[in-house]
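J.: Residue numbers (this note's numbering): 36 to 422. Ideal Cβ positions, reconstructed from N, Cα and C, are used throughout, including at glycine. Here the structure is a predicted model, which means the values were calculated and not measured.
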Amino acid sequence: MKFAHLADCHLGSWKDPKMHELNLKAFEKSIEICIKSKVDFVLIAGDLFDAALPPIDILKSAASKLRELKEARIPCFVVAGSHDYSVSGKTFLDVLEKAGLCENVDKTWEEEMILTESGNFVIAGISGKKAELEKELIKKIKIPPMNKDKFKILALHTTLEENKTSEFMRGIKSEDLPKGFDYYALGHIHKPFKKEGKEMIVYPGPLFPNNFSELEELGNGGFFIVNVEGKDNKISLEREDIKLKEIRLMEFSAEGKTPFILTSEIIGKIKKEDISEKIFMLKIEGTLSSGKTSEIDFNSIKDAAKDAFVFLKNTSQLESPGIKINAEIKSENIDEIEVEAFKNIKEDFKSLVLPLFKALDIEKIEGESSLTFEKRFFENIKKVIEI
């Protein structure tokens, strides 16, 4: 048996039109590889879409490629992820399933798992949920008896403790996963991972990098083709990397430089490099010696990089020289913390900051339209800053 394990496609995640298109092409190419490789089926372990209600162009593109799978007589199994999941439980995956383009294998009923049997394998799934609420279900779900002669697959969209990418994540331990399966097809964590033992636990990582930092760290996305051979169901993985464009990352420090000097340095380096048709990534960190970050001439930098396929920049760690606030916070009350934190702000700003925080601290009233809420929101701000 041979099947494809994809996850975290996040179709529709990129706002930049060119990256948006590359993301779609990554999905299209993955389906083409699956058809060419003659896999027995495709399994998508959550977050096919970046939102529960994806844009029409995204939906049309995904449906078109899934139809190609169907025409090639390759079934597609899915579970919802934390992005394409909705509290009501209804997602556009239901539309695709109703059209016969895929089958959602998350068929749990309360705490009872319902299995899907097809040919020589058994498959089941547990969808990801907002705030990772699926973890409690994973720990206590009841597994029905399974055919010992069939290869058993469980699709999950959750965080595994062994593969979490931040110390603030709360993961589930591999020993707490439901027992009795041969292959655990995971999604959610955007880092390829595999753990081999009596069974195999696998994250394929994102099909396409989801943001600047993932492009920087991973370079490209991909998926696994899983081969199952022999009476003992020996599992082997083939990595299929999806490389659509070359990446050129340039990193600069702003320390001790004015906006003019930094701009000149960046443009000079760009002119020496071949970035034609590449994803050009610019990362700037540090604190300028003088001036403001807004004085860096990004329009000229962008013009110098006009031959690149796309220009992406990360200035999250770039700062202007300015006020440093050093406050020892002694309270757990939010209002008191705000007052303490702003003690060191200049007097001419102090009278503005706290009233502005209070003006921003409003919530939408039940039954209030978005238009009315926005009007009320901006009226509050106008009163404080006297527009």
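Ordered along the chain, which non-local residues of its own chain (more than five positions away) have a Cβ less than 6 angstroms from that of Asp75?
T.: Translated into positions along the sequence shown, residue 75 becomes position 40. Around Asp75: Met36, Lys37, Phe38.
J.: Identify which residue in Glu300, Asp43, Leu272, Ser405 has its Cα closest to the Cα of Ser426.
T.: Residue coverage of the chain in this structure runs from 36 to 422, which leaves residue 426 outside it and unanswerable.
J.: So what's Leu46 in DSSP terms, helix, strand or just coil?
T.: Position 11 of the sequence shown, counted from the start, is the residue given in the question as residue 46. Here Leu46 sits in strand by DSSP.
J.: Count the CB pairs spanning the stretch 236-249 and the stretch 136-144 that are closer than 8 angstroms, and state whether there are at least three.
T.: Too few Cβ pairs lie closer than 8 angstroms, so no.
J.: Mapping DSSP to helix, strand and coil, what is Ala159?
T.: The residue labelled residue 159 in the question sits at position 124 within the sequence shown. Correct three-state label for Ala159: strand.
J.: Check the DSSP bridge columns for His192 and list the partner residues they point to.
T.: Locating residue 192 in the sequence shown gives position 157, counting from the first residue. Beta-bridge pairing links His192 to Gly222.
J.: DSSP beta-bridge partners for Phe38?
T.: Here residue 38 refers to the residue found at position 3 when the sequence shown is read from its first residue. Phe38 is bridged to Phe76, Val261.
J.: Once DSSP output is grouped into helix, strand and coil, what is the label at Ile277?
T.: Indexing the sequence shown from 1 puts residue 277 at position 242. Looking at Ile277 - three-state DSSP - the assignment turns out to be strand.
J.: Taking 6 angstroms as the limit between beta carbons, can you name the residues of its chain near His55, skipping five residues before and five after?
T.: As a first step, residue 55 is located in the sequence shown; it is residue number 20 there, counting from the start. Correct list, in chain order: Trp49.
J.: Using only the alpha-carbon positions, how far apart do Ile173 and Leu195 sit?
T.: Numbered from its first residue, the sequence shown carries residue 173 at position 138. Numbered from its first residue, the sequence shown carries residue 195 at position 160. Their Cα atoms are separated by approximately 11 angstroms.
J.: Here's a check: name, in chain order, each residue in its chain whose Cβ is nearer than 6 angstroms to the Cβ of Thr151, leaving out the five neighbours to either side.
T.: Within the sequence shown, numbered from 1, the residue matching residue 151 stands at position 116. Once the five neighbours on either side are set aside, the close Cβ partners of Thr151 are Val140, Ile158.
J.: Looking at Asp119: is its Cβ nearer than 7 angstroms to the Cβ of Asp92?
T.: Here residue 119 refers to the residue found at position 84 when the sequence shown is read from its first residue. Here residue 92 refers to the residue found at position 57 when the sequence shown is read from its first residue. No, they are not a contact pair.
J.: Suppose you measure from the CA of Lys418 to the CA of Leu389; what does that come to, to the nearest Å?
T.: Your numbering for residue 418 matches position 383 in the sequence shown. Your numbering for residue 389 matches position 354 in the sequence shown. Cα to Cα, Lys418 sits roughly 13 angstroms from Leu389.
J.: Could you round the C-beta distance between Thr322 and Glu290 to whole angstroms and report it? I think they count as a contact, below 8 angstroms.
T.: Residue numbering aside, residue 322 sits at position 287 when the sequence shown is read from its first letter. Residue numbering aside, residue 290 sits at position 255 when the sequence shown is read from its first letter. Thr322 to Glu290, Cβ: 6 angstroms. Contact.
J.: Taking Lys185 as the reference, which of Asp217, Ala166, Glu167, Ile207 has the closest Cα?
T.: As a working mapping, residue 185 is identified with position 150 in the sequence shown. Residue Asp217 is the option with its Cα nearest to Lys185.
J.: Taking C-beta to C-beta, are Ile68 and Glu275 nearer than 7 angstroms?
T.: The sequence position of residue 68 within the sequence shown is 33, counting from 1. The sequence position of residue 275 within the sequence shown is 240, counting from 1. A contact, by the Cβ cut-off of 7 angstroms.
J.: Check each candidate in Phe333, Asp342, Ser72, Lys327 and name the one with the smallest Cα separation from Gly357.
T.: Residue mapping note: residue 357 aligns to position 322 of the sequence shown, counting from 1. Taking only the C-alpha atoms, the option nearest Gly357 is Lys327.
J.: Can a CB atom of chain D be found closer than 7 angstroms to the CB of Cys69?
T.: Here there is only one protein chain, and chain D is not present.
J.: Measuring alpha carbon to alpha carbon, tell me which of Phe346, Gly47, Pro90, Ala61 ends up nearest Gly257.
T.: Counted from its first residue, the sequence shown places residue 257 at position 222. It is Ala61.
J.: Count the CB pairs spanning the stretch 300-309 and the stretch 87-105 that are closer than 8 angstroms, and state whether there are at least three.
T.: Touching, no.
J.: For Lys233, which three-state DSSP category applies?
T.: Reading the sequence shown from its first residue, position 198 is the one you call residue 233. Reduced to three states, the DSSP call for Lys233 is coil.
J.: At which residues does the beta strand (DSSP E) containing Phe287 begin and terminate?
T.: Within the sequence shown, numbered from 1, the residue matching residue 287 stands at position 252. Run containing Phe287: 282-288, per the beta strand (DSSP E) assignment.
J.: What does DSSP give as the partner residue(s) for Tyr238 in the beta ladder?
T.: Sequence index remark: in the sequence shown, residue 238 carries index 203 (1-based). BP columns for Tyr238 point to Phe228.
J.: Taking the C-alpha atoms as reference points, what is the distance between Glu197 and Ala86?
T.: Looking up residue 197 in the sequence shown gives position 162. Looking up residue 86 in the sequence shown gives position 51. If I take the Cα positions, the gap works out to 27 angstroms.
J.: Tell me where the beta strand (DSSP E) around Ser153 begins and ends.
T.: By one-based count along the sequence shown, residue 153 stands at place 118. Unbroken beta strand (DSSP E) run through Ser153: 151-153.
J.: Which residues in the same chain have their Cβ closer than 7 angstroms to the Cβ of Met204, if we skip the five residues on either side of it in sequence?
T.: Locating residue 204 in the sequence shown gives position 169, where the first residue counts as 1. So the qualifying residues of the chain are Thr194.
J.: Who are the Cβ neighbours of Lys164 in its own chain at under 8 angstroms, not counting the five residues just before and after it?
T.: Position 129 of the sequence shown, counting from 1, holds the residue named residue 164. Cβ neighbours of Lys164 beyond the five flanking positions: Ser117, Tyr120.
J.: Of all the options Glu312, Ser311, Phe333, which has the alpha carbon lying nearest to the alpha carbon of Ile319?
T.: Mapped onto the sequence shown, residue 319 falls at position 284. Comparing Cα positions, the closest option is Phe333.
J.: Alpha carbons only, please: which of Ile331, Asp51, Leu212, Leu317 is nearest the one belonging to Ile161?
T.: Working through the sequence shown from its first residue, we reach residue 161 at position 126. Out of Ile331, Asp51, Leu212, Leu317, Leu212 has the C-alpha closest to the C-alpha of Ile161.
J.: Using a Cβ-Cβ cutoff of less than 7 angstroms, which residues in the same chain neighbour Met181 once the five nearest sequence positions on both sides are dropped?
T.: As a first step, residue 181 is located in the sequence shown; it is residue number 146 there, counting from the start. Around Met181: Leu150, Val157, Lys187, Gly215.
J.: Less than 7 angstroms between the C-beta atoms of Ile277 and Ser72, yes or no?
T.: Translated into positions along the sequence shown, residue 277 becomes position 242. Translated into positions along the sequence shown, residue 72 becomes position 37. Contact flag unset, no.
J.: Figure out for me which residue from Ile270, Ile66, Leu189, Asn58 has the closest Cα to the Cα of Ala107.
T.: Mapped onto the sequence shown, residue 107 falls at position 72. Closest by alpha carbon: Ile66.
J.: Distance, Cα to Cα, Leu57 vs Glu63?
T.: Translated into the one-based positions of the sequence shown, residue 57 becomes position 22. Translated into the one-based positions of the sequence shown, residue 63 becomes position 28. Computed Cα separation, rounded: 10 angstroms.
J.: Buried or exposed: Ala166, going by 16 or more other Cβ atoms within 10 Å of its Cβ?
T.: By 1-based counting over the sequence shown, the position of residue 166 is 131. With fewer than 16 other Cβ atoms within 10 Å, it is exposed.
J.: Can you give the Cα-Cα distance for Thr126 and Val114, rounded to whole angstroms?
T.: Along the sequence shown, read from residue 1 onward, the residue named residue 126 stands at position 91. Along the sequence shown, read from residue 1 onward, the residue named residue 114 stands at position 79. Going by the C-alpha atoms only, they are around 11 angstroms apart.
J.: For Met54, name the three-state secondary structure that DSSP assigns.
T.: Counting from one through the sequence shown, the residue named residue 54 turns up at place 19. Looking at Met54 - three-state DSSP - the assignment turns out to be helix.
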